[in-house]
Amino acid sequence: MVKEANCLHKRCVKCRSRGELGTCGDPFPFNVTEPDAEAGIHVVACPSGWCGKMIEGTTGAFRTDDYGAATQRMCLQRSPSDDEERCAYTMWNHRKVYMCFCNGDLCNSAYKISAPPIILITILVAIYNYFQFSL
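The numbering of the sequence shown is the working numbering, which starts it at 1 and goes up by one.
This is the structure:
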């Protein structure tokens, strides 16, 4: 009965690492459905259902003696005020970071490529025109 109750809750990946060799960065190659798949990577219950991924140090803020960008994945205590999934630069503890919010079971284990709708529309129009005029 306990397993059934756990299935009702959403889960998030919880980890933090720095640099290219860290286990928490992208791409995220681990199967998070297996418990303790990798040291330092945890699957945690998330009552809010909202997971996050934060990347620090991608804007040149690190000094030369630092180890590179730090990636952190976590459960958010509450949803964003507009309940929208997104990725954007924001301020966190007086630092500029790149942060993504997602809603879903283990959603922060995936690498998400997001593009503004205008770029997607432009690409689709270009492909349509290419095939229309080449035939």
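Where is the CB? At the ideal position from N, CA and C, for every residue including glycine.
How is residue i classed by DSSP in three states: helix, strand or coil?
i	result
T64	Low confidence applies to T64: its pLDDT is 41, below 50, so where it sits in the model is not reliable, and the reading given next is rough at best. Of the three classes helix, strand and coil, the one that applies to T64 here is coil, per DSSP.
C107	helix
T90	strand
A70	strand
F30	coil
Sort the options by Cα distance to residue i and report the nearest one.
i	options	result
D82	K14, N31, N103 and P29	N103
C75	R95, D26, G40 and C107	C107
V26	T122, S109 and S79	In the sequence on display, residue 26 carries Asp and not Val. For D26, the nearest C-alpha among the options comes from S109.
G22	A39, P80 and F101	A39
G49	S79, P29, W92 and F28	S79
P47	W92, R11, C24 and N31	R11
V44	D105, T122 and L124	D105
Taking the continuous beta strand (DSSP E) assigned at residue i, which residues delimit it?
i	result
S79	Here S79 belongs to no beta strand (DSSP E), and DSSP marks it neither H nor E.
I17	This sequence places Ser at residue 17; Ile is not what is there. Unbroken beta strand (DSSP E) run through S17: K10 to R18.
E56	W50 to E56
A45	H42 to C46
From the beta carbon of residue i, is the nearest beta carbon of chain C less than 8 Å away?
i	result
A69	Any reference to chain C falls outside this structure, which holds one protein chain only.
(message) Could you check whether the segment 13 to 31 touches the segment 67 to 76, counting it as contact only if at least three pairs of C-beta atoms, one from each stretch, sit closer than 8 Å?
(response) In short, these stretches touch, since the Cβ pair count reaches three.
(message) So, does the segment 87 to 101 touch the segment 42 to 61, judging by three or more C-beta pairs under 8 Å?
(response) Yes, the segment 87 to 101 touches the segment 42 to 61.
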